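Trainee:
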Amino acid sequence: MADTSINLDALRQRIDQLDDDILRLISERADCAQQVAHIKLAEDEEAVFYRPEREAQVLRRIMALNKGPLDAEEMARLFREIMSACLALEKPIKVSYLGPEGTFTQQAALKHFGESAISLPMAAIDEVFREVEAGAVNYGVVPVENSTEGVVNHTLDTFMDSSIRICGEVVLRIHHHLLVSETTRRDKVSRIYSHPQSFAQCRKWLDAHFPHAERVPVASNAEAAKLVKTEWHSAAIAGDMAAKLYNLERVAEKIEDRPDNSTRFLIIGNQDIPMSGEDKTSIVVAMRNQPGALHDLLEPFHRHQIDMTRLETRPSRTGVWNYVFFIDFKGHRDEPRVTAVLEEVQLRAAELRVLGSYPQGVL
Ligand SMILES: C=C(O[C@@H]1C=C(C(=O)O)C=C[C@H]1O)C(=O)O
Numbered sequence: 006m007a008d009t010s011i012n013l014d015a016l017r018q019r020i021d022q023l024d025d026d027i028l029r030l031i032s033e034r035a036d037c038a039q040q041v042a043h044i045k046l047a048e049d050e051e052a053v054f055y056r057p058e059r060e061a062q063v064l065r066r067i068m069a070l071n072k073g074p075l076d077a078e079e080m081a082r083l084f085r086e087i088m089s090a091c092l093a094l095e096k097p098i099k100v101s102y103l104g105p106e107g108t109f110t111q112q113a114a115l116k117h118f119g120e121s122a123i124s125l126p127m128a129a130i131d132e133v134f135r136e137v138e139a140g141a142v143n144y145g146v147v148p149v150e151n152s153t154e155g156v157v158n159h160t161l162d163t164f165m166d167s168s169i170r171i172c173g174e175v176v177l178r179i180h181h182h183l184l185v186s187e188t189t190r191r192d193k194v195s196r197i198y199s200h201p202q203s204f205a206q207c208r209k210w211l212d213a214h215f216p217h218a219e220r221v222p223v224a225s226n227a228e229a230a231k232l233v234k235t236e237w238h239s240a241a242i243a244g245d246m247a248a249k250l251y252n253l254e255r256v257a258e259k260i261e262d263r264p265d266n267s268t269r270f271l272i273i274g275n276q277d278i279p280m281s282g283e284d285k286t287s288i289v290v291a292m293r294n295q296p297g298a299l300h301d302l303l304e305p306f307h308r309h310q311i312d313m314t315r316l317e318t319r320p321s322r323t324g325v326w327n328y329v330f331f332i333d334f335k336g337h338r339d340e341p342r343v344t345a346v347l348e349e350v351q352l353r354a355a356e357l358r359v360l361g362s363y364p365q366g367v368l
């Protein structure tokens with residue numbers, strides 16, 4: 006017994022010393038970041054401090070260097086928060102997102118920008134775009150692929166009418182929980198609220214555990230969580246953020262049918278982002294309705310061996326062309342082979358717009 010307490014004391018002393026070191030080093034790092042900000046400001050009064058490509062490089066380097074016992078992602082999350090705090094020292098970054106508060110989109114915004122960012126909920130995707138266009142916020146966050154908030158097409162359509170650029174991407178693992186409040190009679194749950202896509206993602210679990218409860222679709226998971234506070238016979242399906250925000254208890258955790266359930270979000274802004282070394286580019290292309298149009302469009306990508314990660318077709322809203330394609334591929338527009346492909350596609354397409362080149366999601 007005596008030995009253990011001596012060991013514990015020694016270990017705690019060592020932890021205190023290490024904390025002193027960590028404290029000093031974080032302060033030194035913050036001081037450096039502040040100096041960078043001052044240099045940027047001296048060059049240009051309107052300078053943007055936030056450099057997504059640099060942040061991606063910092064995080065990738067840390068993940069590569071990490072030797073454990075914390076896993077690389079956990080370590081990167083800690084560094085993400087250090088960078089977020091360093092950046093906020095000069096001026097906290099302002100980010101609009103598809104609300105309400107407590108949605109997965111807010112979770113994505115905080116995952117990407119860190120907890121020191123100021124995040125502002127918007128009622129609709131167009132509003133997120135508008136705030137960014139108007140310069141009221143620095144960036145916006147919208148769901149785009151496999152979305153739990155159910156707005157993939159809406160996001161794509163909004164890009165067609167906007168000059169906004171894509172500055173980044175975040176992929177979030179989506180975990181759904183069955184939530185109740187302190188007033189809920191757990192044995193009497195007859196109604197469950199959630200977003201339609203969440204219902205779809207938890208269908209098997211619901212069929213097995215609540216076959217007779219009424220499933221009521223609402224506009225967001227956060228909205229579902231809010232409703233549970235007012236009805237003793239209702240439960241909600243939503244994520245961690247909503248559970249925390251409305252102080253709800255998890256009756257069952259991770260009830261999604263597929264354990265790899267994830268959603269991709271886009272960071273939108275007014276900046277062109279330089280190369281980070283591992284980048285993606287998103288373009289929108291309008292093609293004339295003629296035989297072989299799709300083949301003509303894809304052929305240059307194939308020939309230059311560019312890795313396409315997504316191809317989405319949307320109906321065009323003007324009469325002139327029939328197809329509009331949203332294409333994501335690996336590479337940055339400043340890379341010669343990407344420039345070559347874009348030039349070739351431009352010749353074949355009725356219209357081509359580069360929505361942005363941006364660092365591939367790190368976390
Ligand atoms: C310090 C800089 O500015 C910001 C802060 C960063 C950091 O804390 O590491 C990284 C990139 C920028 O968002 C920089 O550009 O290097």
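So the sequence shown is numbered by my numbering: it starts at 6 and just counts up by one.
For each residue, glycine too, the CB sits at the ideal point set by N, CA and C.
All values derive from a computational prediction rather than experimental measurement.
Write down every uninterrupted run of the alpha helix (DSSP H) in the region 36-111 whose length is 4 residues or greater and which is fully enclosed by it, in chain order.
Mentor: You should have 57-70, 77-95.
Trainee: Since residue 352 sits in a beta bridge, which residues does DSSP pair it with?
Mentor: Position 347 of the sequence shown holds residue 352. For residue 352, which the question treats as bridged, DSSP gives no partner whatsoever.
Trainee: Cα separation between residue 236 and residue 182?
Mentor: Locating residue 236 in the sequence shown gives position 231, counting from the first residue. Locating residue 182 in the sequence shown gives position 177, counting from the first residue. Their Cα atoms are separated by approximately 18 Å.
Trainee: From the DSSP output, in three-state form, read off residue 362 for me.
Mentor: Locating residue 362 in the sequence shown gives position 357, where the first residue counts as 1. Looking at residue 362 - three-state DSSP - the assignment turns out to be strand.
Trainee: Taking 7 Å as the cut-off, decide whether the C-beta atoms of residue 121 and residue 77 are in contact.
Mentor: Within the sequence shown, residue 121 is the residue found at index 116, counting from 1. Within the sequence shown, residue 77 is the residue found at index 72, counting from 1. No; because the gap between Cβ atoms is not below 7 Å, this pair is not in contact.
Trainee: Return helix, strand or coil for residue 338, following the three-state DSSP convention.
Mentor: Taking the first residue of the sequence shown as 1, we reach residue 338 at position 333. Of the three classes helix, strand and coil, the one that applies to residue 338 here is coil, per DSSP.
Trainee: Shortest alpha-carbon distance to residue 312 belongs to which of 128, 287, 96, 12?
Mentor: Within the sequence shown, numbered from 1, the residue matching residue 312 stands at position 307. Closest by alpha carbon: 287.
Trainee: State the Cα-Cα distance for the pair residue 321 and residue 72, rounded to the nearest angstrom.
Mentor: Position 316 of the sequence shown holds residue 321. Position 67 of the sequence shown holds residue 72. Approximately 50 Å, taken between the alpha carbons.
Trainee: Measure the CB-CB distance between residue 52 and residue 46 and report whether it falls below 7 Å.
Mentor: Counting from 1 along the sequence shown, the entry for residue 52 is found at position 47. Counting from 1 along the sequence shown, the entry for residue 46 is found at position 41. Yes, Cβ-Cβ distance for residue 52 and residue 46 is below 7 Å.
Trainee: Evaluate residue 24 with the Cβ neighbour count: other Cβ atoms within 10 Å of its Cβ, from every protein chain shown; 16 or more gives buried, anything less gives exposed.
Mentor: The count along the sequence shown starts at 1 and reaches residue 24 at position 19. Exposed, by the Cβ-count rule.
Trainee: Quick check on residue 10: does DSSP put it in helix, strand or coil?
Mentor: As a first step, residue 10 is located in the sequence shown; it is residue number 5 there, counting from the start. The answer is helix: DSSP assigns residue 10 an H, G or I state.
Trainee: Run the proximity test for residue 48: is its beta-carbon closer than 6 Å to any non-hydrogen atom belonging to ligand 1?
Mentor: Along the sequence shown, one-based indexing puts residue 48 at 43. Every heavy atom of ligand 1 is 6 Å or more from the Cβ of residue 48, so no.
Trainee: Do the region 276-296 and the region 195-207 meet, that is, are 3 or more Cβ pairs less than 8 Å apart?
Mentor: Taking 8 Å as the limit for Cβ pairs, the verdict is that the region 195-207 does not touch the region 276-296.
Trainee: Which class does residue 235 belong to by DSSP, given the choice of helix, strand or coil?
Mentor: Counted from its first residue, the sequence shown places residue 235 at position 230. Residue 235 falls in the coil class under three-state DSSP.
Trainee: Since residue 144 sits in a beta bridge, which residues does DSSP pair it with?
Mentor: Residue 144 sits at position 139 when you count from the first residue of the sequence shown. Answer by DSSP bridge pairing, in chain order: 100.
Trainee: How long is the line joining the alpha carbons of residue 258 and residue 180, rounded to whole angstroms?
Mentor: Within the sequence shown, residue 258 is the residue found at index 253, counting from 1. Within the sequence shown, residue 180 is the residue found at index 175, counting from 1. The straight-line gap from Cα to Cα measures roughly 8 Å.
Trainee: Which word fits residue 32, buried or exposed, when buried means at least 16 other C-beta atoms lie within 10 angstroms of its C-beta?
Mentor: On the sequence shown, residue 32 is found 27 positions in, with the first residue counted as 1. Residue 32 comes out exposed.
Trainee: Considering only C-alpha positions, which residue in the set 360, 81, 86, 111 is nearest to residue 165?
Mentor: Numbered from 1 along the sequence shown, position 160 holds the residue referred to as residue 165. The residue with the shortest Cα to Cα distance from residue 165 is 360.
Trainee: Return the CA-CA distance between residue 262 and residue 208, expressed in angstroms with no decimal places.
Mentor: For the purposes of this step, residue 262 is taken as residue 257 along the sequence shown, with counting starting at 1. For the purposes of this step, residue 208 is taken as residue 203 along the sequence shown, with counting starting at 1. If you take the alpha carbons of residue 262 and residue 208, they lie about 7 Å apart.
Trainee: With distances taken Cα to Cα, identify the nearest neighbour of residue 176 among 213, 280, 109, 217.
Mentor: Here residue 176 refers to the residue found at position 171 when the sequence shown is read from its first residue. Of the candidates 213, 280, 109, 217, the one whose C-alpha sits nearest the C-alpha of residue 176 is 109.
Trainee: What are the start and end residues of the beta strand (DSSP E) that includes residue 257?
Mentor: For the purposes of this step, residue 257 is taken as residue 252 along the sequence shown, with counting starting at 1. Where residue 257 is concerned, the enclosing beta strand (DSSP E) stretches over 254-257.
Trainee: Determine whether the Cβ of residue 196 lies closer than 7 Å to any Cβ atom of chain B.
Mentor: Protein chain content of the structure displayed is limited to a single chain, and chain B is not contained in it.
Trainee: Of all the options 55, 314, 88, 56, which has the alpha carbon lying nearest to the alpha carbon of residue 67?
Mentor: Locating residue 67 in the sequence shown gives position 62, counting from the first residue. Residue 88 is the option with its Cα nearest to residue 67.
Trainee: From 271, 168, 302, 86, pick the residue whose C-alpha is nearest to that of residue 366; which is it?
Mentor: Numbered from 1 along the sequence shown, position 361 holds the residue referred to as residue 366. Ranking the options by Cα distance to residue 366, first place goes to 271.
Trainee: Please report the Cβ distance between residue 174 and residue 319, rounded to the nearest whole angstrom; I am assuming they are in contact, meaning their Cβ atoms lie under 8 Å.
Mentor: By 1-based counting over the sequence shown, the position of residue 174 is 169. By 1-based counting over the sequence shown, the position of residue 319 is 314. Their Cβ separation, rounded to whole angstroms, is 19 Å, which puts residue 174 and residue 319 out of contact at 8 Å.
Trainee: Within 8 Å, do at least three Cβ pairs link the region 224-234 to the region 96-115?
Mentor: The region 96-115 is in contact with the region 224-234.
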